[in-house]
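First comes the structure, then the notes that go with it.
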Amino acid sequence: MERTDPHESEQVTRAPADFRLDTKLAQAGNRRDPATGAISPPVYYSTAYAHPALGQSTGYDYTRTGNPTRQILEETIADLEQGVRGFAFASGMAAISTVFGLLRPGDHLVASNDLYGGTYRLLQQVLGRIGIEAAYVDTGDLAAVERAIQPNTKALFIETPSNPTMKITDIAACAALARTHGVWTVVDNTFMTPYFQQPLALGADIVVHSATKYLGGHNDVMAGLIVVRDDTLAEQIGFLQNSIGAVLGPQDAWLLLRGMKTLALRMARHEQNSLAIADWLRAHPSVEKVYYPGLADHPRRDIHVRQARGFGGMIAFEVKDSTQIAHILASVKLISFAESLGGVETLLTYPARQTHADIPQDIREQCGVTERLLRLSVGIEDAGDLLRDLDQAFSIQ
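Using full-length UniProt numbering, the letters of the sequence shown correspond one by one to residues 1 to 397.
Okay, here's the thing in structure tokens:
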């Protein structure tokens with residue numbers, strides 16, 4: 001069938017590649033509907049598309065394979081992450097599952113040892129059943145990564161900063177090492193977003209996002225994104241996306257694009273508030289330890305500063321006494337005790353019982369996810385109001 005590839009369409013005007021990221025974000029979706037000149041791109045709900053004639057296609061046939069609204073989002077994230085092609089999914093875990101679809105029974109991968117509990121669950125309880133094994137190491141320790149690589153290792157999966165203890169991994173060094181062994185480097189860039197960090201430019205092969213978090217930014221859309229650095233991977237991921245079918249719907253694609261337009265402004269405010277709160281927490285007598293890359297003594301901060309343009313809005317901290325946890329969670333008034341992150345509202349999470357509950361306790365604690373650890377997703381509220389809320393929550397006995 002003769003067809004026009006929607007990913008190579010010349011019917012739209014794209015922003016010049018030398019525009020800064022802030023500008024690209026604000027302009028996302030603009031100039032994509034030349035028929036009407038709509039500034040906000042249309043939401044294409046159609047699941048089917050008519051063929052001009054036998055053997056011909058407009059480039060769209062069935063919405064699982066391609067949707068015009070989703071395409072705008074996919075091209076936008078590919079541009080922001082400096083990749084050749086982007087892919088949008090119904091959730092972050094759908095995106096990660098699709099990446100792991102590149103693996104076969106008998107394959108092995110190396111992963112960060114304190115990654116998100118949902119990823120750990122997928123690796124251990126789903127992929128493990130079909131003969132795909134994972135080794136977990138501190139990926140900030142390059143020697144440990146190299147020792148963990150086996151002849152059947154196919155991928156290195158990194159979170160940096162990690163969730164929730166904010167461990168830093170040198171993306172460029174890991175990618176260079178992985179390449180010498182013929183291993184893909186996959187980076188979960190959810191915490192930093194392309195506004196602060198672009199792993200493909202540092203040598204990674206694949207970037208994944210839980211776009212539900214900072215990219216959407218408003219706790220109102222669930223989505224996952226993948227960006228790849230070369231055409232071979234693009235073809236493979238595109239095949240899996242179409243075959244598995246866990247694609248993002250057009251309304252959610254539009255909502256995500258709308259959220260991304262203010263990403264630059266939001267990330268700057270998240271970071272501003274986080275710096276103030278991290279300093280306050282470190283000085284509080286009830287707090288044992290604070291994990292935040294913006295603090296001068298954060299481990300491997302020099303690496304983070306070299307590969308990222310900012311510190312983000314995620315803080316983890318340990319209280320001195322685990323009995324304080326229930327009091328704090330019950331006492332916050334402005335801050336919400338909730339499991340997600342990355343929205344405009346500040347959220348407080350208890351990883352040991354929520355996001356990382358599926359990880360065995362001994363493994364959790366080895367990675368620093370103790371019964372005394374709380375994770376704070378700092379929003380864009382007034383910093384003084386947030387500090388007052390934390391102060392009164394810590395004061396209640």
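Note that the Cβ used here is the ideal one computed from N, Cα and C, for glycine as well.
Values in this document were obtained by computation on a predicted structure and should not be read as measured data.
Item to check | Beta-carbon spacing of ALA308, GLN125 below 9 angstroms | outcome: Cβ atoms of ALA308 and GLN125: not closer than 9 angstroms.
Item to check | Residues near GLN11 in its chain [Cβ-Cβ closer than 7 angstroms; skip 5 each side] | outcome: Residue confidence is low: GLN11 scores 39 on pLDDT, short of 50, so the model does not pin down where it sits. No coordinate-derived value is stated.
Item to check | Sufficient close CB pairs (3 or more, under 8 angstroms) joining the region 367 to 379 to the region 157 to 165 | outcome: When Cβ pairs closer than 8 angstroms are counted between the two stretches, the region 367 to 379 is seen to touch the region 157 to 165, the count reaching three or more.
Item to check | PHE394 and SER286 closer than 9 angstroms at C-beta | outcome: Cβ distance < 9 angstroms, so PHE394 and SER286 count as in contact.
Checklist entry - So, helix, strand or coil for VAL369, using DSSP? => result VAL369 falls in the coil class under three-state DSSP.
Next on the checklist: Please classify SER274 as buried or exposed, where buried requires at least 16 neighbouring CB atoms within 10 angstroms.
Outcome noted: SER274 should be labelled buried.
Next on the checklist: Here's the rule I'm using: 16 or more other beta-carbon atoms within 10 Å means buried, otherwise exposed. How should PRO105 be labelled?
Outcome noted: Exposed, since its Cβ has fewer than 16 Cβ neighbours within 10 Å.
Item to check | Identity of the residue in GLN361, GLY259 and ILE325 nearest THR349 by Cα | outcome: Of the candidates GLN361, GLY259 and ILE325, ILE325 places its Cα closest to the Cα of THR349.
Item to check | For TRP184: DSSP bridge partner residues | outcome: Beta-bridge pairing links TRP184 to ALA155.
Checklist entry - Quick one, are the C-beta atoms of LEU177 and GLU133 less than 9 angstroms apart? => result Result no, Cβ atoms of LEU177 and GLU133 do not sit closer than 9 angstroms.
Checklist entry - What residue does the alpha helix (DSSP H) around TYR45 start on, and which one ends it? => result That residue, TYR45, is in no alpha helix (DSSP H); it is neither H nor E in DSSP.
Next on the checklist: By the DSSP assignment, the beta strand (DSSP E) with VAL227 in it spans what residues?
Outcome noted: Note, VAL227: beta strand (DSSP E), 224 to 228.
Checklist entry - Taking C-beta to C-beta, are ILE206 and ARG179 nearer than 9 angstroms? => result For the 9 angstroms CB-CB criterion, ILE206 and ARG179 do not form a contact.
Next on the checklist: Per DSSP, what are the beta-bridge partners of LEU374 in this structure?
Outcome noted: DSSP output for LEU374 lists PHE317 as bridge partner(s).
Item to check | Three-pair Cβ contact test at 8 angstroms for the region 51 to 62 versus the region 90 to 99 | outcome: Counting C-beta pairs with one atom in each stretch, the region 51 to 62 and the region 90 to 99 have fewer than three that are closer than 8 angstroms, which means they do not touch.
Next on the checklist: I'd like to confirm the pairing. Which residues does DSSP put opposite LYS289 in its beta bridges?
Outcome noted: In the DSSP output, where bridge partners are listed per residue, LYS289 has GLU318.
Checklist entry - Would you call the CB atoms of SER377 and GLY313 closer than 9 angstroms? => result Contact flag set, yes.
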